[in-house]
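Note sheet for the following structure.
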Amino acid sequence: MGNRPNRALLIFLFVTAPVFFSDCLGTNNSVDRSGQKAQQKAGWSTPITSVNTGVPSEKLHLEGAPDSIEGLTIQQFVTDSNVQVRADAACSECHGWANEAARLEFCEHVSEFLCTNQDGAGPKPQVLKDVLSDWKNRGCPD
Numbered sequence: 003m004g005n006r007p008n009r010a011l012l013i014f015l016f017v018t019a020p021v022f023f024s025d026c027l028g029t030n031n032s033v034d035r036s037g038q039k040a041q042q043k044a045g046w047s048t049p050i051t052s053v054n055t056g057v058p059s060e061k062l063h064l065e066g067a068p069d070s071i072e073g074l075t076i077q078q079f080v081t082d083s084n085v086q087v088r089a090d091a092a093c094s095e096c097h098g099w100a101n102e103a104a105r106l107e108f109c110e111h112v113s114e115f116l117c118t119n120q121d122g123a124g125p126k127p128q129v130l131k132d133v134l135s136d137w138k139n140r141g142c143p144d
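Here it is in structure tokens:
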């Protein structure tokens, strides 16, 4: 009995070691202390939600627009001419280049997009500016 390891200690180490070591190595940024996966922020291929943007659902659906940006990815609402998140037009109707835009190409256009009256297309809704500005500030992740 003197040489047997303490069972409770072994269980504790087995459960906590992966979290401890991954935190120390900086590889566990998306897991909180409860072990639940953290909500991934909106991205080119990651859907926009009220949880990952901090914007209430009702503000993610612009007045008069057929589609809400909630549940869509940035890629979908930028490149798909069948998706219309504004009341007046789909993004690619006014910005022809958007139809074929890849993530990094669109990332280069975000700063222009944030201007109030880019390409004569009228003011951009603030919620779109906020979502895209956040995305750009995070390095335009997928």
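Each residue of the sequence shown is one higher than the one before, starting from 3 at the first, in our numbering. Note that the Cβ used here is the ideal one computed from N, Cα and C, for glycine as well. The structure displayed is predicted, hence computed values, not measured ones.
Distance CB(residue i)-CB(residue j) smaller than 7 angstroms
i                : j            : result
valine 85        : glutamine 77 : no
phenylalanine 58 : glycine 73   : One point to set straight first is that residue 58 is proline, not phenylalanine, in the sequence displayed. No, these two residues do not count as a Cβ contact at 7 angstroms.
alanine 167      : cysteine 93  : Not covered by the structure: residue 167. The range shown for the chain is 3 to 144.
leucine 64       : proline 127  : yes
aspartate 153    : serine 83    : Nothing about residue 153 can be reported from this structure: the residues present for the chain run from 3 to 144 only.
Local conformation of residue i per DSSP, three classes
i            : result
glutamate 72 : strand
Residue i burial status per 10 Å Cβ neighbour count (16 or more: buried)
i           : result
serine 113  : exposed
arginine 88 : buried
glycine 45  : buried
leucine 130 : buried
leucine 134 : buried
alanine 103 : buried
valine 53   : exposed
Self-check item: Ordered list of beta strand (DSSP E) runs contained in the stretch 77 to 104, each at least 3 residues
Solution: none
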